[in-house]
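**Student:** In my numbering, the protein residues as written are -6 to 267.
All C-beta atoms in this analysis are idealised placements derived from N, C-alpha and C, irrespective of residue type, glycine included.
Mind looking over this structure? Questions follow.
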């Protein structure tokens, strides 16, 4: 199985680094003239897939927006995953799961096993039960060629309480980044184990060059700019995946307008880290 890092590098080269979040917020569906129900969820999400999955390298559905509709919403998420992959995009499923033992293994089976209806190219994960709690997901990535993006430095105001706390000589965030750096050691052109680092964190003393990709939410409508990314990430920006949802989705429901918004986002970050 080809490692996720290799597949991601190819996707960036062929389609660009911009990641589009397929997040059916109730307010956005209302802006599209849709109701807050599962039929509207399906129409919204699959319209976005039709528009962007053939032209961007990575799409990122946030599972919570589908789960709130129960089993019928999860069925829509399954279609989003399958149809996005069929269109050539990598699917980074935003679930931020984290648990221990058999539960962590069950998450790995659900999201990283290709035989699962929710099987994706990569997922987000939480390390706050200890980095070792992610071992089942890490092993699943190695076995199936998947990727893992671990929360490290998020831009929500509550994040520093945990992430900036010190664990001996290092911060918790620094410890997470060091674990990822070790997992990616020797991988070429880039490792499969990434970090989630917000576009609006401001200055940081942490070394963000982990030999793996960086998922960068908060770009665009949430305030993060290309200049911010160049300043914060430095040389590590070459493997950054700036992610935006509202910046693109507000262009809907017209497919052509959605696609144009995604392509503009891609063009804006094309030279990042060059």
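Quick test of the definition: if touching needs 3 or more C-beta pairs under 8 angstroms, does the segment 152 to 165 touch the segment 179 to 187?
**Tutor:** No, they do not touch.
**Student:** How long is the line joining the alpha carbons of residue 188 and residue 142, rounded to whole angstroms?
**Tutor:** Going from the Cα of residue 188 to the Cα of residue 142 covers about 5 angstroms.
**Student:** Is it the case that the Cβ atoms of residue 225 and residue 194 are separated by a distance below 9 angstroms?
**Tutor:** Closer than 9 angstroms, so yes.
**Student:** Can you have a look at residue 65 and say buried or exposed, based on whether 16 or more other CB atoms are within 10 angstroms of its CB?
**Tutor:** The residue in question, residue 65, is exposed, as its Cβ has fewer than 16 Cβ neighbours within 10 Å.
**Student:** Helix, strand or coil: how does DSSP classify residue 262 here?
**Tutor:** Three-state DSSP puts residue 262 in coil, outside helix and strand.
**Student:** Under the three-state reduction of DSSP, which class applies to residue 201: helix, strand or coil?
**Tutor:** Note: residue 201 maps to coil in three-state DSSP.
**Student:** Pick out the complete alpha helix (DSSP H) segments inside the segment 54 to 134, 4 residues or longer, and give them in chain order.
**Tutor:** Counting whole runs of 4 or more residues, the segment 54 to 134 contains the alpha helix (DSSP H) stretches 57 to 60, 64 to 79 and 94 to 105.
**Student:** So for residue 138, helix, strand or coil by DSSP?
**Tutor:** Three-state DSSP puts residue 138 in coil, outside helix and strand.
**Student:** Taking its Cβ as the centre, do 16 or more other Cβ atoms sit within 10 Å of residue -6, making it buried, or is it exposed?
**Tutor:** Per the 10 Å Cβ criterion, exposed.
**Student:** My parser needs the alpha helix (DSSP H) runs of 4 or more residues fully inside the segment 143 to 220; what are they?
**Tutor:** Those alpha helix (DSSP H) runs which fall completely within the segment 143 to 220 and span 4+ residues are 153 to 156 and 165 to 177.
**Student:** With H, G and I counted as helix, E and B as strand and the rest as coil, what does DSSP make of residue 234?
**Tutor:** In the structure shown, residue 234 sits in a strand (DSSP, three-state: E or B).
**Student:** Alpha carbon to alpha carbon, what distance is there between residue 162 and residue 75?
**Tutor:** Answer to the nearest angstrom: the Cα atoms are 44 angstroms apart.
**Student:** Could you check if residue -2 is buried or exposed, using at least 16 other CB atoms within 10 Å of its CB as the buried criterion?
**Tutor:** Classification for residue -2: buried.
**Student:** Under 9 angstroms, do residue 104 and residue 129 count as touching if we go by C-beta distance?
**Tutor:** No, the Cβ-Cβ distance between residue 104 and residue 129 is not below 9 angstroms.
**Student:** Identify, in the order they occur along the chain, each residue of the same chain with its Cβ nearer than 6 angstroms to the Cβ of residue 80, setting aside the five sequence neighbours on each side.
**Tutor:** If we look at residue 80 and ignore the five residues flanking it on each side, its Cβ neighbours are 46 and 47.
**Student:** Counting along the chain, where does the beta strand (DSSP E) carrying residue 14 start and finish?
**Tutor:** Counting along the chain, the beta strand (DSSP E) containing residue 14 begins and ends at 12 to 15.
**Student:** Who are the near neighbours of residue 168 in its chain, counting only those whose CB is closer than 8 angstroms to its CB and skipping five residues on each side?
**Tutor:** Counting only Cβ-Cβ distances below 8 angstroms, and skipping sequence neighbours, we find 124 and 160.
**Student:** Near residue 252, what residues of its chain come up, given a Cβ to Cβ distance below 7 angstroms and the 5 sequence neighbours on each side ignored?
**Tutor:** For residue 252, where only same-chain residues beyond five positions count, the Cβ hits under 7 angstroms are 44, 45 and 48.
**Student:** Helix, strand or coil for residue 48, going by three-state DSSP, please let me know.
**Tutor:** Coil.
**Student:** Please state the DSSP three-state secondary structure of residue 257.
**Tutor:** DSSP places residue 257 in helix when its eight states are reduced to three.
**Student:** In angstroms with no decimal places, state the Cα-to-Cα distance between residue 61 and residue 221.
**Tutor:** Rounded to the nearest angstrom, the two C-alpha atoms are 33 angstroms apart.
**Student:** Quick one: Cα of residue 250 to Cα of residue 132, how far?
**Tutor:** Using only the alpha carbons, I get a separation of about 40 angstroms.
**Student:** Residue 31 to residue 59, Cα distance in whole Å?
**Tutor:** Rounded to whole angstroms, residue 31 to residue 59 spans 9 angstroms at the Cα level.
**Student:** Leaving out five residues on either side along the sequence, give the residues of the same chain with a beta carbon under 6 angstroms from the beta carbon of residue 4.
**Tutor:** Around residue 4: 50 and 83.
**Student:** With DSSP collapsed to three states, give me the class of residue 244.
**Tutor:** Note: residue 244 maps to coil in three-state DSSP.
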